[in-house]
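Novice: Chains as they are written, first to last, in our numbering: chain A, 113 to 392; chain B, 74 to 366; chain C, 4 to 267.
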Amino acid sequence: MPAWLDDFLWTYQNVVYALGINGLLALSMYVVLAVGQLSLGQAAFMGLGAYSSALMTLKLHWPFFVVLPASCVVPVMFALAIGVPTLRLSGVYLAIATIGLGEVLRAAYLNIDYVGGALGLSGIPERANFWMIYGLLAAAILILWLVGRSGIGRAMEALREDENAAQVMGINIGAYRMGALLASAVLAGLAGALSAHVSSFIGPNEYGFEPAVTILSFALLGGIGTPLAPVLGAWILTLLPELLRGFSDLRLVFNGLIIVLAVLFLPNGLLGWRMRRRAA
Amino acid sequence: MLAQQLANGVLLGATYALFALGFTLMFGVLRVINLTYGFYFSAGAFMALYLTRLGGLGIWTALALAAVATGLLAVALDWVLLTRLRRKGAPELASLMVTLGAVLALYAGMTTFLGPDIQRLPPGLLGTDALVIAGLRVTEAQLLILVTTGVLVAALLLLIRGTRLGLGIRAMAERPDTAGLMGIDTGRIAALVSFLSGCLAGAGGVLIGLNFNAIQPYMGEAMMLRGFVVIIVGGLGDIRGALIAGLLLGVIEVLTAGYVASGMKEAVAFAILVGVLWTRPSGLFGRAVVRRA
Amino acid sequence: MSLLRTAGLTRRFAGLTAVDQVDLAVAEGTIHAVIGPNGAGKTTLFNLISGLVPPSDGSIHFAGQDISQLPVHRRAGLGMARTFQNIRIFASMTVLENVLTGLHARLDGGLGAVILRLPGFRRAERHAVARAREVLELVGLADQAENRAAALPYGDQRRLEIARALASSPRLVLLDEPAAGMNPAETDALKALVRRIRDAGTTVLLVEHDMGFVMDLSDRITVLNFGRRIFEGTPIEVRQETTVIEAYLGHKVAERLARRAAAS
Numbered sequence: 113m114p115a116w117l118d119d120f121l122w123t124y125q126n127v128v129y130a131l132g133i134n135g136l137l138a139l140s141m142y143v144v145l146a147v148g149q150l151s152l153g154q155a156a157f158m159g160l161g162a163y164s165s166a167l168m169t170l171k172l173h174w175p176f177f178v179v180l181p182a183s184c185v186v187p188v189m190f191a192l193a194i195g196v197p198t199l200r201l202s203g204v205y206l207a208i209a210t211i212g213l214g215e216v217l218r219a220a221y222l223n224i225d226y227v228g229g230a231l232g233l234s235g236i237p238e239r240a241n242f243w244m245i246y247g248l249l250a251a252a253i254l255i256l257w258l259v260g261r262s263g264i265g266r267a268m269e270a271l272r273e274d275e276n277a278a279q280v281m282g283i284n285i286g287a288y289r290m291g292a293l294l295a296s297a298v299l300a301g302l303a304g305a306l307s308a309h310v311s312s313f314i315g316p317n318e319y320g321f322e323p324a325v326t327i328l329s330f331a332l333l334g335g336i337g338t339p340l341a342p343v344l345g346a347w348i349l350t351l352l353p354e355l356l357r358g359f360s361d362l363r364l365v366f367n368g369l370i371i372v373l374a375v376l377f378l379p380n381g382l383l384g385w386r387m388r389r390r391a392a
Numbered sequence: 074m075l076a077q078q079l080a081n082g083v084l085l086g087a088t089y090a091l092f093a094l095g096f097t098l099m100f101g102v103l104r105v106i107n108l109t110y111g112f113y114f115s116a117g118a119f120m121a122l123y124l125t126r127l128g129g130l131g132i133w134t135a136l137a138l139a140a141v142a143t144g145l146l147a148v149a150l151d152w153v154l155l156t157r158l159r160r161k162g163a164p165e166l167a168s169l170m171v172t173l174g175a176v177l178a179l180y181a182g183m184t185t186f187l188g189p190d191i192q193r194l195p196p197g198l199l200g201t202d203a204l205v206i207a208g209l210r211v212t213e214a215q216l217l218i219l220v221t222t223g224v225l226v227a228a229l230l231l232l233i234r235g236t237r238l239g240l241g242i243r244a245m246a247e248r249p250d251t252a253g254l255m256g257i258d259t260g261r262i263a264a265l266v267s268f269l270s271g272c273l274a275g276a277g278g279v280l281i282g283l284n285f286n287a288i289q290p291y292m293g294e295a296m297m298l299r300g301f302v303v304i305i306v307g308g309l310g311d312i313r314g315a316l317i318a319g320l321l322l323g324v325i326e327v328l329t330a331g332y333v334a335s336g337m338k339e340a341v342a343f344a345i346l347v348g349v350l351w352t353r354p355s356g357l358f359g360r361a362v363v364r365r366a
Numbered sequence: 004m005s006l007l008r009t010a011g012l013t014r015r016f017a018g019l020t021a022v023d024q025v026d027l028a029v030a031e032g033t034i035h036a037v038i039g040p041n042g043a044g045k046t047t048l049f050n051l052i053s054g055l056v057p058p059s060d061g062s063i064h065f066a067g068q069d070i071s072q073l074p075v076h077r078r079a080g081l082g083m084a085r086t087f088q089n090i091r092i093f094a095s096m097t098v099l100e101n102v103l104t105g106l107h108a109r110l111d112g113g114l115g116a117v118i119l120r121l122p123g124f125r126r127a128e129r130h131a132v133a134r135a136r137e138v139l140e141l142v143g144l145a146d147q148a149e150n151r152a153a154a155l156p157y158g159d160q161r162r163l164e165i166a167r168a169l170a171s172s173p174r175l176v177l178l179d180e181p182a183a184g185m186n187p188a189e190t191d192a193l194k195a196l197v198r199r200i201r202d203a204g205t206t207v208l209l210v211e212h213d214m215g216f217v218m219d220l221s222d223r224i225t226v227l228n229f230g231r232r233i234f235e236g237t238p239i240e241v242r243q244e245t246t247v248i249e250a251y252l253g254h255k256v257a258e259r260l261a262r263r264a265a266a267s
């Protein structure tokens, strides 16, 4: 790595890491929105990934190349527990259940001593790095982009527009919904593990309501036309509080307002990107 | 003692029912998942806090004023956020998202301006002696909660079942388009329902603030989880279900805290939520319509 | 042999029996119409057959298979397609993409093939596009392929929906009021199209209010009222069943048909 890049990363490393992690989280939201459902479990899944991976490293002493993929297991289990029963129900149920999940887990982390209680887990060795985070982000964007430009991508857009018409075409709505939710859990779980292993500490209050809604604001700012769009939304909303100092106190207020504006006035995302999907 | 725990549980459950009632009313009548509801809860509590602390008012007055003020706040906010969506016939998820964004902004704003610390109502609002009724200890605060909840619920039911306005509400809940065509002013009804829900949430906030003697901006958020459990177990839009589910949840929560562990309360509530989703998503009385259209 | 057969098919909503013990038999290679006044249960019948609504009672058999409980998306794979009364094309996609979604049931490529862009995937996409263009040619929309579906005029949107339904070469296509909102010229073109569809080997089951359209096209007609089947027969039989004509087709139409019969 060239010296100037090294220096740059050292000075701004938290921001750079945050951009990558938030990018992954934005994609985690993107996949569920792309099939027309609303899950707010990304922060909760991230927390599960962070905590489970930190425990694997700290208590089980597993090497990171095992810990990273293993960090998806617990989020996926929770995704199944909530996702399966809500598949056939109105989308409101999934949304509500995932909001509740974050709240419940926060209380759990606070009360269980094994995971550090209110103090969280500290002393997590730095096993992840810039290349892992951005490599994974780039791979995820590429895969989602390839999927988007195919029959699967068309099916997803059809589901977004009109569920019943899509089903009549033979699109298995249940499979797509569940697939999207599981992909969301995997992406968020990985983000959690990576995040835990670049910042040596994780705490119970980092994965609750506010981050969950903030992740939604990433996707609503950027739009979901292409996988790049929500990532862009995440980057803007991550950088703004850094660039505008007086801003950071009102960051959450701003994120909330973005969602309100996006839903009321600009359902295609404030950046208005749309997938120009040509058939192969 | 078990009977005492049950009594405490019922009282806690009464506030949960009160909270969930407004929420389920908004959904049943307006087809709106209104998450700012949690904010109204906190707002009511803070209003009562300032009314008693700065205005020196008694608790009953403060409660009434806070409830009404929250109701008016709710009318204003709901009008800003939801009118446009209702006119466009937007799906329920749209109202969920817009109120989600709004409540984040509102909570964060409240925290910035009022501070994140837990505040307490001024002492001496109520007598600290506990009354003993049928062998059970009941504090004056708990009695206040019980009476207020009872009165509000009774008033609400009376309104809905016994008045012309209530008929309009029920008509709008069943068939919003037809109700409009029959000359029912849906805008006015929507405002009224917002007002009622806001009042119920505000009152609930004051009561919970009293019960636990803790008021802080995000208190509404913790309630939302209870609210979700209650409305899903009771059935979305089902008033009777919300009442019963609320009471049940209160009892279960107190019993869990007492006999298992206090830290398990939320986990148990959430487990019930997930359990109901798996087994009987249409709620206690099976009246909620849950399938995708 | 009946391609589609319902027996005692019933659907009850709270307080209303929308479809009441309906027996329907659609012979393969024919054009079969379902008519009846508004509220007779026609669209509910279509929803039952396509699976969007579960039956309260009775059964549905397609190509000999009992599909009464089969999920919606599996019926497309068996060769059933439909259009909707209130056009439900995917507005933000292009015309071509809309038709491509109609091919979904035939296209199922694995996730791996998609991501790795394996030759099998590329080939399948090419064939799909070719087939989609073919169908657009059939309905006369080939020159609109790249336009956004929402930008199409009403009549073209209807044709697009039909194209989408035909893309997968279904054995049976359900057309829900395909002539609604069309002028006489468009209606004639539609009639010709439906005949071409039948001649190409697809069975057509349609719901329509335009009586001239129905009478000219159909091989067989089923008449519903209040959810019950009140008559079934050839157009000539239905025409002559005076109670049907007067009560359900209206007095004016009855006169018009009588005049036509007298003239021929």
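Ideal placement from N, C-alpha and C gives every residue a C-beta, glycine not left out.
Quick caveat, the model's predicted, so the values are computed rather than measured.
1. Taking Gly11(C) as part of the beta strand (DSSP E), name the residues at either end of that continuous run.
2. Threshold first: 4 residues or longer. Then list the alpha helix (DSSP H) segments lying entirely within the stretch 256-314 of chain A, N to C.
3. Output, in sequence order along the chain, the residues in the stretch 343-363 of chain B whose CB is closer than 7 Å to any CB in chain A.
4. Would a check of beta-carbon distances place Thr104(C) closer than 7 Å to chain A?
5. Taking the alpha-carbon positions, what's the Leu351(A) to Gly345(A) distance?
6. With DSSP as the reference, identify every bridge partner of His64(C), one or two as the case may be.
7. Spell out the partners DSSP gives Thr190(C) in its beta bridges.
8. I'd like to know whether the C-beta of Thr198(A) is nearer than 7 Å to at least one C-beta of chain B.
9. Please list, in chain order, the residues of the stretch 154-178 of chain B that have any C-beta partner in chain A closer than 9 Å.
10. Quick check on this structure: which residue in Gly161(A), Ala162(A), Ala138(A) has the alpha carbon closest to the alpha carbon of Ser151(A)?
11. Using the rule of at least 16 other Cβ atoms within 10 Å of the residue's Cβ for burial, across every protein chain shown, is Arg199(C) buried or exposed?
12. Assuming contact is defined by CB atoms lying nearer than 7 Å, are Ala152(C) and Asn101(C) in contact in what I supplied?
13. Under 7 Å between C-beta atoms, does Gly229(A) make it to chain B?
14. Would you check if the distance between the CB atom of Leu139(C) and the CB atom of Ala148(C) is smaller than 7 Å?
15. Considering just the uninterrupted stretch of the beta strand (DSSP E) at Gln24(C), what are its terminal residues?
16. For Ala217(C) versus Ile38(C), is the C-beta distance shorter than 7 Å?
17. Which two residues bound the contiguous beta strand (DSSP E) that contains Val226(B)?
18. Is there a Cβ from chain A that is less than 7 Å from the Cβ of Glu326(B)?
19. Anything in chain A within Cβ reach of Thr185(B), meaning under 8 Å, just list it in chain order.
20. Taking C-alpha atoms, which residue in Leu55(C), Arg8(C), Asn41(C) lies nearest to Asp274(A)?
21. Pull the bridge partners of Leu177(C) from the DSSP assignment, please.
22. Identify the residues that DSSP records as bridge partners of Leu209(B): which are they?
23. Using 7 Å as the threshold, is the C-beta distance between Ala30(C) and Leu209(C) below it?
24. Taking DSSP as the reference, what is the three-state secondary structure of Val226(C)?
25. Leu322(B) and Arg299(B) look like a contact to me (Cβ under 8 Å); what is the Cβ gap, rounded to whole Å?
26. If the cut-off is 8 Å on Cβ atoms, which residues from the stretch 249-265 of chain A count as contacting chain C, listed in chain order?
27. Rounded to whole angstroms, what's the CA-CA distance from Ser296(A) to Met214(C)? Just pull it up for me.
28. What residues from the stretch 270-287 of chain A come within 9 Å of chain F, judged by C-beta to C-beta, listed N to C?
29. So, are the CB atoms of Leu187(B) and Thr125(B) less than 7 Å apart?
30. Under 7 Å between the Cβ atoms of Tyr113(B) and Thr88(B)?
31. What is the residue span of the beta strand (DSSP E) that Ala36(C) lies within?
32. Taking Phe234(C) as part of the beta strand (DSSP E), name the residues at either end of that continuous run.
33. From the DSSP secondary-structure annotation, give me the bridge partner or partners of Arg91(C).
34. Quick check on the burial criterion: 16 or more other C-beta atoms within 10 angstroms. Buried or exposed for Pro122(C)?
35. Are the beta-carbon atoms belonging to Gly158(C) and Glu189(C) less than 7 Å from one another?
36. Nearest-angstrom Cα distance between Phe321(A) and Ala155(A)?
Specialist: Answer, in terms of the structure:
1. 5-16 is the extent of the beta strand (DSSP E) around Gly11(C).
2. 263-273, 275-280, 285-308
3. Flagged, chain order: Phe343, Leu346, Val347, Leu350, Trp351, Pro354, Val363.
4. yes
5. So the two alpha carbons sit approximately 10 Å from each other.
6. Arg8(C), Asp69(C)
7. Its beta-bridge partners do not exist; DSSP assigns none.
8. yes
9. Leu154, Arg157, Leu158, Ala163, Pro164, Glu165, Leu166, Ala167, Ser168, Leu169, Met170, Val171, Thr172, Leu173, Gly174, Ala175, Val176, Leu177, Ala178
10. For the residues Gly161(A), Ala162(A), Ala138(A), the minimum Cα distance to Ser151(A) belongs to Ala138(A).
11. exposed
12. yes
13. Closer than 7 Å: no.
14. yes
15. 19-30
16. Checking the displayed sequence, the identity of residue 217(C) turns out to be Val instead of Ala. A contact, by the Cβ cut-off of 7 Å.
17. Segment 213-235 is the alpha helix (DSSP H) holding Val226(B); no beta strand (DSSP E) there.
18. no
19. Asp361, Leu362, Val365
20. Leu55(C)
21. Arg85(C), Leu208(C)
22. Ile206(B)
23. For Ala30(C) and Leu209(C), no; Cβs fall outside 7 Å.
24. strand
25. 6 Å
26. Ile255, Leu258, Val259, Ser262, Gly263, Ile264
27. 52 Å
28. Considering every chain present, this structure includes no chain F. Its protein chains are A, B and C.
29. no
30. no
31. It spans 34-38 - the beta strand (DSSP E) in which Ala36(C) sits, taken as one unbroken run.
32. 231-236
33. None, per the DSSP bridge assignment.
34. exposed
35. yes
36. Whole-angstrom Cα-Cα distance: 8 Å.
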